[in-house]
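Undergrad: Below you will find the structure I want to go over with you.
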Amino acid sequence: MKDTPLLQMKRISKSFPGVQALSEVSFELHEGEVVGLVGENGAGKSTLMKILSGVYAPDRGEILIDGQAVRFSSPKDAERAGVAVIYQELSLVPSVSVMENVLMGREPRTRWKTVDWREMARVSSELLTLLDMPIDVRRPVEEFGVAVQQMIEIAKALSLNARILVMDEPTSSLSEHETKQLFDIVRKLKGKGVGVVYISHKMEEIYEIADRITVLRDGQHVGTATAEELPSEKMIQWMVGRKIDQFFPSRTPEIGEELLKVSGLTLPQPGMSGVNLVNNVSFSVHSGEILGLAGLRGAGNSPLLGAIFGRYGRRPRGDIHIRGEKVEITSPPQAIAHGMAYLTNDRKASGLVLPMSVLHNMTLVSLRDMTRFGWLDPLVEQRSASAYRDSLSIRTPSLRTEVSTLSGGNQQKVILAKWLMSEPSILFLDEPTRGIDVGAKTEIYSLMNRWASEGKAILLITSELPELLAMSDRILVMHRGEITAEFSHEEATQEKVMAAAM
Amino acid sequence: MIGAIFPGMSGENKLGAFFTWDYHRDMLRDYSIHGILACGMTIVILTAGIDLSVGSLLGMTGMFFAHLMINLQLSPAVGIPFSLVAGTAAGLLNGVVITSFRIQPFVATLAMMVSARGLAKFIGGGRKIQAGTQQLPAIFEQISSQVLNNNLAIVTIIFLASMGVFWLILNRTRFGRHLYAIGGNDEAARLSGVRVNLVRTAAYGIAGLMSAVAGVCYAARTYYGDPEAGQGYELTSIAMVVIGGTSLIGGRGGIFLTLLGTLIIGYIEKILSINGVEIAYRFMVEGAIIVAAVIIQQTGRRTRL
Ligand SMILES: Nc1ncnc2c1ncn2[C@@H]1O[C@H](COP(=O)(O)OP(=O)(O)OP(=O)(O)O)[C@@H](O)[C@H]1O
Ligand SMILES: [Mg+2]
Numbered sequence: 001m002k003d004t005p006l007l008q009m010k011r012i013s014k015s016f017p018g019v020q021a022l023s024e025v026s027f028e029l030h031e032g033e034v035v036g037l038v039g040e041n042g043a044g045k046s047t048l049m050k051i052l053s054g055v056y057a058p059d060r061g062e063i064l065i066d067g068q069a070v071r072f073s074s075p076k077d078a079e080r081a082g083v084a085v086i087y088q089e090l091s092l093v094p095s096v097s098v099m100e101n102v103l104m105g106r107e108p109r110t111r112w113k114t115v116d117w118r119e120m121a122r123v124s125s126e127l128l129t130l131l132d133m134p135i136d137v138r139r140p141v142e143e144f145g146v147a148v149q150q151m152i153e154i155a156k157a158l159s160l161n162a163r164i165l166v167m168d169e170p171t172s173s174l175s176e177h178e179t180k181q182l183f184d185i186v187r188k189l190k191g192k193g194v195g196v197v198y199i200s201h202k203m204e205e206i207y208e209i210a211d212r213i214t215v216l217r218d219g220q221h222v223g224t225a226t227a228e229e230l231p232s233e234k235m236i237q238w239m240v241g242r243k244i245d246q247f248f249p250s251r252t253p254e255i256g257e258e259l260l261k262v263s264g265l266t267l268p269q270p271g272m273s274g275v276n277l278v279n280n281v282s283f284s285v286h287s288g289e290i291l292g293l294a295g296l297r298g299a300g301n302s303p304l305l306g307a308i309f310g311r312y313g314r315r316p317r318g319d320i321h322i323r324g325e326k327v328e329i330t331s332p333p334q335a336i337a338h339g340m341a342y343l344t345n346d347r348k349a350s351g352l353v354l355p356m357s358v359l360h361n362m363t364l365v366s367l368r369d370m371t372r373f374g375w376l377d378p379l380v381e382q383r384s385a386s387a388y389r390d391s392l393s394i395r396t397p398s399l400r401t402e403v404s405t406l407s408g409g410n411q412q413k414v415i416l417a418k419w420l421m422s423e424p425s426i427l428f429l430d431e432p433t434r435g436i437d438v439g440a441k442t443e444i445y446s447l448m449n450r451w452a453s454e455g456k457a458i459l460l461i462t463s464e465l466p467e468l469l470a471m472s473d474r475i476l477v478m479h480r481g482e483i484t485a486e487f488s489h490e491e492a493t494q495e496k497v498m499a500a501a502m
Numbered sequence: 001m002i003g004a005i006f007p008g009m010s011g012e013n014k015l016g017a018f019f020t021w022d023y024h025r026d027m028l029r030d031y032s033i034h035g036i037l038a039c040g041m042t043i044v045i046l047t048a049g050i051d052l053s054v055g056s057l058l059g060m061t062g063m064f065f066a067h068l069m070i071n072l073q074l075s076p077a078v079g080i081p082f083s084l085v086a087g088t089a090a091g092l093l094n095g096v097v098i099t100s101f102r103i104q105p106f107v108a109t110l111a112m113m114v115s116a117r118g119l120a121k122f123i124g125g126g127r128k129i130q131a132g133t134q135q136l137p138a139i140f141e142q143i144s145s146q147v148l149n150n151n152l153a154i155v156t157i158i159f160l161a162s163m164g165v166f167w168l169i170l171n172r173t174r175f176g177r178h179l180y181a182i183g184g185n186d187e188a189a190r191l192s193g194v195r196v197n198l199v200r201t202a203a204y205g206i207a208g209l210m211s212a213v214a215g216v217c218y219a220a221r222t223y224y225g226d227p228e229a230g231q232g233y234e235l236t237s238i239a240m241v242v243i244g245g246t247s248l249i250g251g252r253g254g255i256f257l258t259l260l261g262t263l264i265i266g267y268i269e270k271i272l273s274i275n276g277v278e279i280a281y282r283f284m285v286e287g288a289i290i291v292a293a294v295i296i297q298q299t300g301r302r303t304r305l
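Sequences listed follow chains X and F, in order.
Numbering follows this note's numbering, in which position 298 of the first sequence is assigned residue number 298; successive positions increment by one, without gaps.
Numbering follows this note's numbering, in which position 132 of the second sequence is assigned residue number 132; successive positions increment by one, without gaps.
Below, the structure is given as structure tokens:
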């Protein structure tokens, strides 16, 4: 390790209308080091990194690279100085091919100065193969799911050969295997002297990869310590300013009547006859029950929820009964009318209306309840939204703030609020804690428990196995579109669930 | 100074007229018809769509109205509703084509623009419909008159009332909120229970209705049905919406912005024309302003990223 750090950020301050996002935060990164950057939702992690990468200009403070003061006025500037960032919110162009996204602005040229498509395909697929993601790089990005898109984003950052690599929650939509792959690459880069900033809300990951940990709270630097010196209880205390004694709050389930029954549900894969995304699935959920749906990606648990909710615009084969009554659901409005709510696993693509305010996002499903004589009543709207903002402790300068400016975790809570406001009896939660900080996670767990004890039925999908095991009263494991096992809360273990999912 | 830039301008400065109400009244009267079109255009653009057919629909419904009123000598109580229904139906057809066949709004409404113009010519056999031997129905005079001692044109009242109604629709109804949601993220809107196709179709239907309102006003103001009426109006009304600041990619904007855009374009054209700037230069200036407005919009977005 050299004496001058690779990167120093000194006393950085930044405010946005209504929020002091950072005040006097200092940060250091050495060559060949991974620093874990942690903190609650809205603590200022992404903002700090966006200042480093030239997206925002700091109000005060300075940035030094190799001891030299630098000033970036655009992300291109920062890129040239060797800073690459994998942003929390995907920044790919959906309709453009994978390879063009990976090498955007740096397309290889032939002798004739035209774009060298063959070289472009070679370079980009090499990078993706390195990430164990051998996809057709000529296809447009929009054809792939979030996880693949995340990997494309990572490949893009790697292609810059940066000296400073920032990863802002890169694994929030990755599987365990992909995460391992990513960590192998991070270790390799480390060996080459690259400095890595790693932001995550997953504590295990931080301890696995980080050499030092920096904690932010409310835009302030709380402390920095080596990973060995900072046990997780202490780190969490630094993050949330209090102790969390019980990460998964306990609950005695009171299982009531059957709310939703699905029999023989089959969803063919569009455009491929004979292949089913969901194949002959039958199960039921009861009032007061949290039913976990386990499965590796592609197992069909996400499409299963979508199919029941009418997301695919056609009726899947099989029957759906709600409270014992047979129902036909071919579109989301029908599902909502039957008391269902559906939090999808991609908040930017299908959860939020980004240009709208926090308020308008929250009330979107329940507008009917906010009208008087057919006219929307802004006061009623405001009142119910504030109530939910308080009960979910959503951090936003005001309800009129555009939702796109909220931190990732707070955006997630806005979607939760939207669905809760519709007072559903059956909740589909696909990765409800994605990108949510530890404190808020336990809050959401308590809320889930509360909703269950109020008699709602919850279907939960989560890629975090401990969360699934702790929260579910019953777990169904899916593999290739079929249910392969069922465990009660007591029976289920990590090993058994994994074995059934493979 | 402007004279140096625009050689086509007369030497004498006529800006003094700017300080009389007549001048503003005339500007408002002359651009009210564009403004009425811009109301409908606003909600279509909010859904991330575009409607190129409004100018042709103005011509078509104007001809339709003139035919019913002058050739057939029907009562306005029949002529006006029928014209409005015709415009709305054409707009709904736009919407249905766009939503059921997933055709780009640009393409679908371009097709409507061409066919509606054809229909406008067909109605009058390629000629204007004017009162010759028959008497000009009184409704023409009534719509083109001015009230309050000649201080406010009826068409201006129609325009401002439309603005008010559209404000209410956009800010106080579920439908209005759904328009914004669709423009901002149609998949999120759909999963939140918004009937996306229905709302989108309705938006084009309303744009058609406003074209018909404009068509009736236009025919009344000119005292005849003109198959060429409204040519280029679609572009002017798009310009008004965009200059106001409503985003062409949808989800952001509002009706007051369109009022602002209408006034900006109205005044610019009026000032240029009162000073005798040739039409060619006026078009160029307008084009430059549209480009500037879009650039300002985009840089605004980038800093907010
Ligand atoms: N462009 C912006 N305009 C206004 N406020 C903003 C903007 N970007 C961030 N903020 C605010 O600054 C604060 C810090 O946000 P930031 O995104 O840095 O949080 P974070 O630590 O990355 O949180 P998360 O873990 O949820 O991603 C938040 O209160 C957020 O609402
Ligand atoms: Mg963040």
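Glycine included, each C-beta is placed from N, C-alpha and C at the ideal position.
Given the structure is predicted, the values throughout are model-derived calculations rather than measurements.
Along the alpha helix (DSSP H) that carries V358 (chain X), what are the first and last residues, could you check?
TA: Counting from 1 along the first sequence, the entry for residue 358 (chain X) is found at position 358. Counting along the chain, the alpha helix (DSSP H) containing V358 (chain X) begins and ends at V358 to T363.
Undergrad: Residue range of the alpha helix (DSSP H) that T109 (chain F) falls in?
TA: In the second sequence, the residue the question calls residue 109 (chain F) occupies position 109. Run containing T109 (chain F): P105 to I123, per the alpha helix (DSSP H) assignment.
Undergrad: Quick check on this structure: which residue in X:S366, X:L392 and X:S391 has the alpha carbon closest to the alpha carbon of V536 (chain X)?
TA: The first residue shown for chain X is 1 and the last is 502, placing residue 536 (chain X) beyond what the model contains.
Undergrad: Ignoring anything shorter than 3 residues, give me the beta strand (DSSP E) runs that lie fully in the stretch 58–99 of chain F, in order along the chain.
TA: As far as the stretch 58–99 of chain F is concerned, it has no whole beta strand (DSSP E) run of at least 3 residues.
Undergrad: When Cβ atoms are compared, which residues of the stretch 339–361 of chain X fall closer than 7 Å to chain F?
TA: Flagged, chain order: Y342, T344, A349, S350, G351, L352, V353, L354, P355, M356 and H360.
Undergrad: Taking 8 Å as the cut-off, is the C-beta of G164 (chain F) nearer than that to any heavy atom in ligand 1?
TA: Residue mapping note: residue 164 (chain F) aligns to position 164 of the second sequence, counting from 1. No, since every heavy atom of ligand 1 falls outside the 8 Å radius drawn around the Cβ of G164 (chain F).
Undergrad: Would you kindly check if the distance between the Cβ of I65 (chain X) and the Cβ of L22 (chain X) is under 9 Å?
TA: Here residue 22 (chain X) refers to the residue found at position 22 when the first sequence is read from its first residue. Here residue 65 (chain X) refers to the residue found at position 65 when the first sequence is read from its first residue. Going by C-beta atoms, L22 (chain X) is not nearer than 9 Å to I65 (chain X).
Undergrad: Give, in chain order, every residue of the stretch 163–186 of chain F whose Cβ lies closer than 7 Å to some Cβ of chain X.
TA: The residues in question are R172, T173, R174, R177, Y180, A181, G184 and N185.
Undergrad: Can you tell me whether DSSP reads L136 (chain F) as helix, strand or coil?
TA: Position 136 of the second sequence, counted from the first residue, corresponds to residue 136 (chain F). Residue state, collapsed to three classes: coil.
Undergrad: Given 8 Å as the limit, tell me if I51 (chain X) has its C-beta closer than that to any heavy atom belonging to ligand 2.
TA: In the first sequence, counting from the first residue as 1, residue 51 (chain X) sits at position 51. Every heavy atom of ligand 2 is 8 Å or more from the Cβ of I51 (chain X), so no.
Undergrad: Return the CA-CA distance between M112 (chain F) and E40 (chain X), expressed in angstroms with no decimal places.
TA: Translated into the one-based positions of the second sequence, residue 112 (chain F) becomes position 112. Translated into the one-based positions of the first sequence, residue 40 (chain X) becomes position 40. For M112 (chain F) and E40 (chain X), the distance between alpha carbons rounds to 54 Å.
Undergrad: Going along chain F in order, which residues have a C-beta closer than 7 Å to the C-beta of W238 (chain X)?
TA: Here residue 238 (chain X) is taken as the residue at index 238 of the first sequence, counted from 1. Here the premise fails: no neighbours, minimum Cβ distance about 30 Å.
Undergrad: Identify the continuous alpha helix (DSSP H) that holds G40 (chain F) and give its terminal residues.
TA: Residue 40 (chain F) sits at position 40 when you count from the first residue of the second sequence. W21 to L46 is the span of the alpha helix (DSSP H), which, as asked, contains G40 (chain F).
Undergrad: Would you say A189 (chain F) faces chain X, with C-beta separation under 9 Å as the test?
TA: For the purposes of this step, residue 189 (chain F) is taken as residue 189 along the second sequence, with counting starting at 1. Chain X, which has a Cβ nearer than 9 Å to the Cβ of A189 (chain F), makes this yes.
Undergrad: Shorter than 9 Å from the beta carbon of R200 (chain F) to some beta carbon of chain X?
TA: The residue given as residue 200 (chain F) occupies position 200 in the second sequence. For R200 (chain F), the answer is no, since every Cβ of chain X falls outside 9 Å of its Cβ.
Undergrad: When we look at the beta-carbon of D437 (chain X) and count the other beta-carbons within 10 Å, is it buried (16 or more) or exposed?
TA: Residue 437 (chain X) sits at position 437 when you count from the first residue of the first sequence. Answer is buried; the Cβ neighbour count reaches 16.
Undergrad: Tell me the rounded alpha-carbon separation between L7 (chain X) and S100 (chain F).
TA: The residue given as residue 7 (chain X) occupies position 7 in the first sequence. The residue given as residue 100 (chain F) occupies position 100 in the second sequence. The straight-line gap from Cα to Cα measures roughly 55 Å.
Undergrad: Establish whether the CB of R400 (chain X) and some CB of chain F are separated by less than 9 Å.
TA: Taking the first sequence and counting its residues from 1, the one referred to as residue 400 (chain X) is at position 400. With 9 Å as the cut-off, R400 (chain X) does not count as an interface residue toward chain F.
Undergrad: Just grab the DSSP bridge partners of M340 (chain X) for me.
TA: Translated into positions along the first sequence, residue 340 (chain X) becomes position 340. Paired residue(s): X:I426.
Undergrad: Using 10 angstroms around the beta-carbon of N150 (chain F), count the other beta-carbons present and answer buried if the total reaches 16, otherwise exposed.
TA: Here residue 150 (chain F) is taken as the residue at index 150 of the second sequence, counted from 1. Exposed, since its Cβ has fewer than 16 Cβ neighbours within 10 Å.
Undergrad: Would you report the Cα separation of S115 (chain F) and Q269 (chain X), rounded to the nearest angstrom?
TA: Taking the first residue of the second sequence as 1, we reach residue 115 (chain F) at position 115. Taking the first residue of the first sequence as 1, we reach residue 269 (chain X) at position 269. Rounded to the nearest angstrom, the two C-alpha atoms are 40 Å apart.
Undergrad: Return the CA-CA distance between M41 (chain F) and S357 (chain X), expressed in angstroms with no decimal places.
TA: The residue you call residue 41 (chain F) lines up with position 41 of the second sequence. The residue you call residue 357 (chain X) lines up with position 357 of the first sequence. Their backbone Cα atoms lie some 23 Å apart in a straight line.
Undergrad: CA-CA distance, E443 (chain X) and R195 (chain F)?
TA: On the first sequence, position 443 is the one that residue 443 (chain X) refers to. On the second sequence, position 195 is the one that residue 195 (chain F) refers to. About 33 Å.
Undergrad: Residue ranges of each beta strand (DSSP E) run of no fewer than 3 residues wholly in the stretch 279–327 of chain X, ordered along the chain?
TA: Listed in chain order, they are 290–294, 317–322 and 325–327.
Undergrad: Tell me whether W375 (chain X) is buried or exposed, calling it buried when 16 or more other Cβ atoms sit within 10 Å of its Cβ.
TA: Start at 1 with the first residue of the first sequence, and residue 375 (chain X) comes out as number 375. With fewer than 16 other Cβ atoms within 10 Å, it is exposed.
Undergrad: Would you list the residues whose beta-carbon is nearer than 7 Å to any heavy atom of ligand 2, in the order they occur in the chain?
TA: For ligand 2, the selected residues are X:K45, X:S46, X:Q88, X:D168, X:E169, X:I199, X:S407 and X:G408.
Undergrad: For A4 (chain F), which residues of its own chain have a beta-carbon under 6 Å away from its beta-carbon, when the five flanking residues on both sides are left out?
TA: As a working mapping, residue 4 (chain F) is identified with position 4 in the second sequence. Residue placement at A4 (chain F) is poorly supported in this model, since its pLDDT is 42, which falls under 50; the coordinates still yield a value, given next. Nothing listed; no residue qualifies.
Undergrad: Taking the beta strand (DSSP E) that A485 (chain X) falls in, what are its first and last residues?
TA: On the first sequence, position 485 is the one that residue 485 (chain X) refers to. Counting along the chain, the beta strand (DSSP E) containing A485 (chain X) begins and ends at E482 to S488.
Undergrad: Suppose the cutoff is 8 Å on Cβ atoms and the five residues either side in sequence are ignored; what does the same chain contact list for L352 (chain X) look like?
TA: As a position in the first sequence, residue 352 (chain X) is number 352, starting the count at 1. Excluding positions up to five away in sequence, the list reads N361, V403, S404, Q411, V414 and I415.
Undergrad: Can you check which of these residues, X:E423, X:F373 and X:P355, is closest to Y536 (chain X) by C-alpha distance?
TA: Absent from the model: residue 536 (chain X). The displayed extent of chain X is 1 to 502, so no value can be given.
Undergrad: Which residue or residues does DSSP assign as beta-bridge partners of N276 (chain X)?
TA: Mapped onto the first sequence, residue 276 (chain X) falls at position 276. Answer is X:P268.
Undergrad: Below 8 Å on the Cβ atoms is my contact criterion, and I expect Q73 (chain F) with Q142 (chain F) to pass it. Report the Cβ-Cβ distance as a whole number of Å.
TA: For the purposes of this step, residue 73 (chain F) is taken as the residue at position 73 of the second sequence. For the purposes of this step, residue 142 (chain F) is taken as the residue at position 142 of the second sequence. So it is not a contact: roughly 16 Å between Cβ atoms.
Undergrad: In three-state terms, what does DSSP make of P332 (chain X)?
TA: To locate residue 332 (chain X), count along the first sequence from 1; it is residue 332. Three-state DSSP puts P332 (chain X) in a helix.
Undergrad: Measure from the alpha carbon of N276 (chain X) to the alpha carbon of each residue in X:R317, X:S287 and X:G310, then state which is nearest.
TA: As a first step, residue 276 (chain X) is located in the first sequence; it is residue number 276 there, counting from the start. Comparing Cα positions, the closest option is X:R317.
Undergrad: List the residues of chain X whose Cβ lies closer than 8 Å to the Cβ of S100 (chain F), in chain order.
TA: Along the second sequence, one-based indexing puts residue 100 (chain F) at 100. Those within 8 Å of S100 (chain F) in chain X number zero; the least Cβ separation is about 13 Å.
Undergrad: Looking at E495 (chain X) and ligand 1, is the gap between the Cβ and the nearest heavy atom below 8 Å?
TA: Translated into positions along the first sequence, residue 495 (chain X) becomes position 495. It does not: the Cβ of E495 (chain X) is nowhere closer than 8 Å to a heavy atom of ligand 1.
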